[in-house]
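Trainee: Sequences listed follow chains A and B, in order. Just so we're aligned: the first sequence equals residues 242 to 509 in this note's numbering. Just so we're aligned: the second sequence equals residues 108 to 866 in this note's numbering. Ideal Cβ positions, reconstructed from N, Cα and C, are used throughout, including at glycine.
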Amino acid sequence: MKDFSDEELERYSRHIILQDVGIEGQEKIANSKILVIGAGGLGSPVALYLAAAGVGEIGIVDGDVVDLSNLQRQVIHATADVNVPKVLSAKAKMEAINPNVKVTVYQKFLDASNILDIVKGYDFVIDGTDNFSSKFLINDACVLANVPYSHGGILRFGGQTMTIKPHESACYACVFDSPPPANAIPTCSSAGILGAVAGMLGTIQAAEALKYIVGVGEPLYNRLLTFDAKTMNFRNVNFKKNPKCRVCGGEGIKEIKDYEAVVCEAKL
Amino acid sequence: MSHYIIPQMVYDDLEVFKKNHAEFLAGTLDELTFKTMRVPFGVYEQREANTFMVRIKLAGGILTPTQLLSLADLAEKYAHEAIHITTRGGAQLHYVKIEDIIDIITTLHSIGLSGRGGGGNTVRNIMADPLAGTAPDEVFDVSPYALALTTKMLEQKDSFALPRKFKITFSGSEADRGYATIHDVGFIAKIENGLKGFKLFVAGGMGAKSRVGSKFLDFVPESEVFLYAQAIKQVFDQNGNRKNKHAARLRFLIEELGMDEFRRLVNVEIEALKAKGDWEMPIVEIERTQGDTTHEPFTVPENIKKWWNRYVYAQKQAGLYGCKVPVHLGDVHFENARALANALLPFGEDVLRFTGDQNLYIRNLTAPQMASLHDILQNFSKDVSKPTLFGDMVACTGAATCQLGIARPRGAVDAIQKRLNKLMDERDYDALQGFKIHLSGCPNSCGKHLIGDLGFFGKVQRNEGYSYPAYNVVAGSRTSGDGSVYAQKAGDVAAFHVPAFVEEVLDTWLLHVKAYKSFADWIDDGGLAIITEISKKYVDIPSFKEDKNPYFDYDAVELFSLKGRGMGECSAGMYDLIEADKKALKEVLEKEEKDYELIRLLSARMLLVTRGEDARDKAGVLKAFKTHFIDTTLLNAYFGTMLEGDADEKSIELAEEVIKLYDTMDNTLKFAKEKELAAAEVKEEKSAHFKDLSGVACPMNFVKTKMELAKIGSGEVLEILLDDGAPIDNVPKSVAGEGHKVEATTKEGNGWRVRIVKK
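1) What's the gap between the Cα of serine 354 (chain A) and the Cα of proline 389 (chain A)?
2) Using CA coordinates, which residue listed in B:Ile377, B:Gln476, B:Leu181, B:Arg860 is at the minimum distance from alanine 404 (chain B)?
3) Among A:Thr404, A:Ile454, A:Thr370, whose alpha-carbon lies nearest the alpha-carbon of glycine 394 (chain A)?
4) So what's serine 547 (chain B) in DSSP terms, helix, strand or just coil?
5) Can the beta-carbon of valine 455 (chain A) be found closer than 9 Å to that of lysine 274 (chain A)?
6) So the beta strand (DSSP E) threonine 345 (chain A) belongs to, where does it begin and stop?
7) Any idea which residues DSSP pairs alanine 436 (chain A) with across the strands?
8) Answer with yes or no whether the minimum CB distance from serine 354 (chain A) to chain B is below 9 Å.
9) Assign glycine 541 (chain B) to one of three DSSP states: helix, strand, or coil.
10) Let me make sure I understand the geometry here. Which of B:Phe369, B:Leu472, B:Lys757 has the alpha-carbon closest to that of histidine 422 (chain B)?
11) Tell me, please, whether the CB atom of proline 806 (chain B) is closer than 9 Å to any CB atom in chain A?
12) Output the boundary residues of the beta strand (DSSP E) element that contains valine 875 (chain B).
13) Just list the alpha helix (DSSP H) runs in the segment 542-614 of chain B, keeping only unbroken ones of 4 residues or longer that don't cross its boundaries, in chain order.
14) At 7 Å on the CB atoms, spell out the chain A contacts of phenylalanine 809 (chain B), in chain order.
15) Quick one: using the 10 Å Cβ neighbour count with 16 as the cut-off for buried, is valine 664 (chain B) buried or exposed?
16) Can you tell me which of the three DSSP states methionine 160 (chain B) falls into?
17) Please classify arginine 193 (chain A) as buried or exposed, where buried requires at least 16 neighbouring CB atoms within 10 angstroms.
18) Run down chain B in chain order and give the residues with a C-beta less than 7 Å from the C-beta of serine 254 (chain A).
19) Output needed in chain order: residues of the segment 841-861 of chain B with a Cβ under 9 Å from some Cβ in chain A.
20) Please decide whether isoleucine 264 (chain A) counts as near chain B, where near means a Cβ-Cβ distance under 9 Å.
21) In angstroms, rounded to a whole number, what distance separates the CA positions of glutamate 791 (chain B) and lysine 693 (chain B)?
22) Of all the CB atoms in chain A, is at least one closer than 9 Å to the CB of lysine 813 (chain B)?
23) Do you know how far the Cα of glycine 559 (chain B) is from the Cα of threonine 462 (chain B)?
24) Find the residues of chain B that neighbour leucine 250 (chain A), judging by a C-beta separation of less than 8 Å, and give them in chain order.
25) Report the option in B:Trp414, B:Pro649, B:Asp662, B:Pro550 whose CA atom is closest to the CA atom of histidine 353 (chain B).
26) I need the straight-line Cα distance from glutamate 265 (chain A) to leucine 465 (chain A), nearest angstrom please.
27) Give a yes or no on whether 9 Å exceeds the smallest Cβ distance from glycine 297 (chain A) to chain B.
28) When burial is assigned at 16 or more other CB atoms within 10 Å of the CB, is glutamine 115 (chain B) buried or exposed?
29) Start and end of the alpha helix (DSSP H) containing tyrosine 111 (chain B)?
30) What number of angstroms, rounded off, separates the C-alpha of valine 600 (chain B) from the C-alpha of arginine 569 (chain B)?
31) Below 8 Å CB to CB, which residues in the same chain sit around glycine 491 (chain A) once its five sequence neighbours on both sides are set aside?
32) Using only CA atoms, which one of A:Asp469, A:Glu449, A:Phe468, A:Thr467 lies nearest to proline 460 (chain A)?
33) May I ask which residues mark the beginning and end of the beta strand (DSSP E) holding proline 328 (chain B)?
34) Below 8 Å on C-beta distance, what does alanine 833 (chain B) contact in chain A?
35) Just to confirm the assignment, what range does the beta strand (DSSP E) spanning threonine 467 (chain A) have?
36) Which residues bound the alpha helix (DSSP H) around glutamate 265 (chain A)?
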């Protein structure tokens, strides 16, 4: 077993005291590898909490640079970071919080050509992207590579998330099949987003990742958690795995294809 | 004359106690020795560490308004504002700080009250019929006998170092309201050939192995009350079982000896006492109140009629009235006590009694005087405006403060009352006048469950591995000078369901109450089976996952558990024995001419009681000493050589060594060397993993403990060292909370060694 240093024992003491985590759970966290796709509104809290929790290796993917309009919600970046690549800005903050964590950066956008190779090496993936084509792409890749992940989406005052264990629980395509037609759904640029909502949902995703790694509790399998921050009503919508799912059912998919890009013009 | 006389000896002892108290506060006297001093003064430690209670003797429950006023002052100043009426009709002050003990005892002495013999293995508060001196059915007033016998017993040195507690009471009539038939020694008033005297019962008791008393004599003349009580006490003192306190009360001795042998021994003592003299007991009648007893026609006002019918009774003296004041669980707030005392002051001295049902009785008032108290009494307790059922509930303090407690019956009483309160308007509870619900927190019968109509005593039940508080149910007791009968076992109920169960039992009894003379009659006529059937509905509780509430006792903030149950204070009697030998030993050591034989004997005997030995002759003592102290290597083999042949000057070394050894004894009767030996043995047996966590604060000490536990396999042992204070208070609990077994916690230096077996 891992011999935690006194510094680590103290840093993680509030985890270790938890009966359901303990030394054994903290050891699992330290030995885990988690990929965060998107260093934006969702990726910020996720990356911060995972680093703080002592996740052994964290990969972070984003091809963009920090924009002044990001700072209203993407709390991992600072004003001085404007125009710095998001992954580098994020890495610096994560290492500042916890030097014990190894951070790998992927300064690129994911597409059918590269996603599978990156996802394969991780124990768990966080979808922190802002567009449907990326979300479906991540779902396809995780199902193909058999890597569990957390789906997340936010708009205006609302958010939704579910956790997917490929071939065991319903996948994103079981629930939504395929991306909506372009412009059928308002994008962030036309609709806006309350900054704190990004923090709420991202934090839920981070908790789901840690629960999965430690093996405690009931992940959001087969249920979509939605909330409306205006009323602060939280709701679970139950789903079943679709045996005829285009992605994970019957034949399923065999290879990765890009979806038609409906990228949000405003940066989420 | 309305109180007992505190003998000079008690004042002398107080001076010694004062010195010990100061030494204890200064840290120069150890807790153990101090305990042997404080317990005989009626000062007990409560379950909460360093919190004490003072028990006060009130012979026959008698106290004057002036005394009540002083108790109210003490309660306000020192005791969380309450005077507690005990189940022996005495008084207790709770939550007292150790610093205040001397002030309290001194004040008590100044008003003629003493706590001497309140606790420990002593002659306990002598009781009397609560209606003594006023009851229409009584043969004569027994109160003066309770006072006079208390005075006599306080004068006897042997009253304070008995094998176990010794309880005496007086009843004025065959109705046995003083419970003579269930005491160690009980007197029931009787007149034979124009002479006052008593029927004498012995060896009754309600604790473990409860037993109804046996009739010892049909008539003891009044002049011989002390003679008999003292003779019985002496037989008990000389023959009682000091080895096992659980089988030590007089009833066990009589079972062992047989009644004939016991009688013979008592008669031997009586002859000896007569030869010695000073066995007469002067009786001073209690002066009747100066109150006006002229017959003015009095009509009870309509607005107080309900109360009058429930609680006021006409005394045997025409024109005088008595009244029962129900006191909720025996607790009297000082302001209420003060108001009542002030109101009673003009009416004379003999107007008040505390009683064993934890209530208060007022007496010797004219009807208008009594009526004038109505408003004060209404403020006094909320039970006053309710049917007698409410005020007649008795509960011991239970696990809330008692180290022996399992359940918390006082909380249960509150819950029952809350439930019955809601039903009061729909149910005719006045039809159940006199119905007694009694609860004890454990099988020891401090809540008198065995003499309730409906009784409960605490037990532990388990559901899917979780413990929960529950009660045994007993029902249908009878009390009478013709022979009493204890309540019989009727079933078990969860503590959580007690209120609902009581409601259903009462509802059922209300259907039958008109057809029977007493509840006990109904119980004997099929009622018991009905109650057993009802209880079956109330024993099971939901699983821990479904509902955690039934796993908490009433008024408890923590999940039910037996943690914190101690061995009780009664074992202090054993320390008295050791102290007696130690004192004697020191006296002979100081003498010019040394009696080596005696020194050797006392040295060898002093600590034998801690090993459960009570060898009486010299050879037996020396042999037992060798077995327990030399052969076990507690003392060097060198001292073994002194045990053979005639004793010589080396005995002095032996005495010094034994006294040194006693200094290292702890509360569990273990000597330091013994613990070292045991620890060494354990280490050899099973090499434990070890981590020194002294100096590591919370919660890091727990984190590191978990770290060490993670390294070892299931069933392996980890020993850790923890600091005193928060670490020892928290870490073992947390470790146990995770399912590991905390096997032992022992003091080591300034900290603690904790032994954990991994789950």
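Mentor: The answer reads as follows:
1) 20 Å
2) It should be noted that the sequence gives proline, not alanine, for residue 404 (chain B). Answer by Cα proximity: B:Gln476.
3) A:Thr370
4) strand
5) no
6) 343-347
7) The question names alanine, yet the displayed sequence has glycine at residue 436 (chain A). Answer is none; glycine 436 (chain A) lacks a bridge partner.
8) no
9) coil
10) First, the amino acid is wrong: residue 422 (chain B) is glutamine here, not histidine. When only C-alpha atoms are compared, the closest one is B:Leu472.
11) yes
12) This structure does not reach residue 875 (chain B), given that chain B is present from 108 up to 866, and the question cannot be answered.
13) none
14) Ile258
15) exposed
16) strand
17) The shown model of chain A, from 242 to 509, leaves out residue 193 (chain A), and the question about it has no answer.
18) Pro806, Met807, Val810
19) Ser841, Gly844, Glu845, Gly846
20) yes
21) Low local confidence applies: a pLDDT of 48 at glutamate 791 (chain B) is under 50, so the model's placement there is unreliable, with the coordinate-based value given in what follows. If you take the alpha carbons of glutamate 791 (chain B) and lysine 693 (chain B), they lie about 40 Å apart.
22) yes
23) 15 Å
24) Met807, Val810, Lys811, Met814
25) B:Pro550
26) 30 Å
27) no
28) exposed
29) Premise fails: tyrosine 111 (chain B) is in no alpha helix (DSSP H) and is neither H nor E.
30) 12 Å
31) Pro484, Lys485
32) A:Glu449
33) 321-328
34) Going along chain A, no residue has its Cβ under 8 Å from alanine 833 (chain B), so there is no contact; the nearest lies around 14 Å.
35) 464-469
36) 263-271
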